[in-house]
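Asks: With the working numbering applied, the sequence shown covers 845 to 1054. Note that CB positions come from ideal geometry on N, CA and C, so glycine has one too.
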Amino acid sequence: MLASLCQDVECGQPIAILDVGCNSGELTERVHELLEETLGRSCCTLAIDLDPVLILRATEAANSKFNITYNVVDVSNSQFSSVAKSFLETIGKEKFDFSFLFSITMWIHLNRGDEGLESSLNSVSGISKALVVEPQPWRCYRAAVRRMKRSGAPPFEMFDKLKRRSGVEDDIVDFLETQCHMKKVLETSRTSWGRKLFVLVQVLADGKTS
Ligand SMILES: C[S@@+](CC[C@H](N)C(=O)[O-])C[C@H]1O[C@@H](n2cnc3c(N)ncnc32)[C@H](O)[C@@H]1O
């Protein structure tokens, strides 16, 4: 499916990838490698995380044969758009061909609330031709809150105020489709640890998908 989504990328142009919440980069590197192998094209990845310790770890462990740029950025912050745009400029592209949001929506939601999640989804989809989203279901939120309580750490202040709750995975897809000009083209069944992957593509001004 991903191969068919980037058929129109001109020969000689790299496939641009954004990985949001890359942690220490293990999955980023694996995805980058897999896409290069599967598509037979060179890829340029921008991988961001808000945690500088994780980005330092990722940078130190990075395999130099992959063109991956790690950067400390909070996706819910306005700085994100300028970092992403200047990365795209350096590789001569206007949008990312694929943006990945693996296991991150819940953290943005718990820490930044409904508004922070919505503005993050909006800014990522605005610069992406296709999105691959793996949202955490509601039971993960409850487990995260319980873990926080047990550890004695301060609670997630936003938790009680969240409007998007038990149907949060579908709410996220619905928001992307109704507010961010994206269209769902694939929803997987649940993985062994209870997650679904959604693939969405941008809807162009003429109503066609890219
Ligand atoms: C559960 S980990 C997922 C890591 C990786 N994507 C994976 O699936 O293996 C979530 C990551 O998102 C990062 N994160 C949380 N909120 C973020 C935000 N607002 N902006 C950027 N990164 C964020 C965390 O620091 C953490 O590394």
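1. Rounding to the nearest angstrom, what Cα-Cα distance links HIS876 and GLY957 in this structure?
2. Would the C-beta of ILE861 count as close to ligand 1, meaning under 7 Å from any of its heavy atoms?
3. Following a CB-centred definition, is SER969 positioned closer than 7 Å to any heavy atom of ligand 1?
4. What does the Cβ neighbour count give for VAL1051, buried or exposed, with the cut at 16 atoms within 10 Å?
5. Return yes when the C-beta of ASN867 is under 7 Å from any heavy atom of ligand 1, and no when it is not.
6. For ARG1008, count the other beta carbons within 10 Å of its own beta carbon; 16 or more makes it buried, fewer makes it exposed. Which is it?
7. Using only CA atoms, which one of SER922, LEU954 and SER969 lies nearest to LEU945?
8. Consult DSSP for PHE940 and reduce its assignment to one of helix, strand or coil.
9. Could you tell me whether the Cβ atoms of ARG901 and SER868 are closer together than 8 Å?
10. Taking the DSSP output, what are the residues bridged to SER972?
11. I want to check one thing, is the minimum distance from the CB of TRP1037 to the heavy atoms of ligand 1 below 7 Å?
12. Per the DSSP calculation, LEU945 is bridged to which residue(s)?
13. For GLY960, which option in SER922, THR1022, VAL977 and PHE940 has the closest C-alpha, if you only look at C-alpha atoms?
14. State yes or no: is the C-beta of SER920 within less than 8 Å of the C-beta of SER972?
Replies: A quick look at the data gives this:
1. Indexing the sequence shown from 1 puts residue 876 at position 32. Indexing the sequence shown from 1 puts residue 957 at position 113. If you take the alpha carbons of HIS876 and GLY957, they lie about 30 Å apart.
2. The residue you call residue 861 lines up with position 17 of the sequence shown. ILE861: no, Cβ never under 7 Å from ligand 1.
3. Looking up residue 969 in the sequence shown gives position 125. No, Cβ of SER969 sits at least 7 Å from all heavy atoms of ligand 1.
4. For this step, residue 1051 is matched to residue 207 along the sequence shown. The question names Val, yet the displayed sequence has Gly at residue 1051. By the Cβ neighbour-count rule, GLY1051 is exposed, with fewer than 16 other Cβ atoms within 10 Å of its own.
5. The count along the sequence shown starts at 1 and reaches residue 867 at position 23. Distances taken from the Cβ of ASN867 to the heavy atoms of ligand 1 include one shorter than 7 Å.
6. On the sequence shown, residue 1008 is found 164 positions in, with the first residue counted as 1. With a threshold of 16 other beta carbon atoms within 10 Å, ARG1008 meets it and is buried.
7. If you number the sequence shown from 1, residue 945 lands on position 101. LEU945 has its Cα closest to that of SER969, out of SER922, LEU954 and SER969.
8. Here residue 940 corresponds to residue number 96 of the sequence shown, with the count starting at 1. Strand at PHE940.
9. Within the sequence shown, the letter at position 57 stands for residue 901. Within the sequence shown, the letter at position 24 stands for residue 868. At the C-beta level, ARG901 and SER868 come within 8 Å of one another.
10. Within the sequence shown, residue 972 is the residue found at index 128, counting from 1. DSSP lists PHE940 as the bridge partner or partners of SER972.
11. Position 193 of the sequence shown, counting from 1, holds the residue named residue 1037. No, ligand 1 has no heavy atom inside 7 Å of this Cβ.
12. Translated into the one-based positions of the sequence shown, residue 945 becomes position 101. DSSP, once it has assigned bridges, lists VAL977 as partnering LEU945.
13. Sequence index remark: in the sequence shown, residue 960 carries index 116 (1-based). Here the closest residue by C-alpha is SER922.
14. In the sequence shown, counting from the first residue as 1, residue 920 sits at position 76. In the sequence shown, counting from the first residue as 1, residue 972 sits at position 128. No, the pair does not count as a contact, with Cβ atoms beyond the cut-off.
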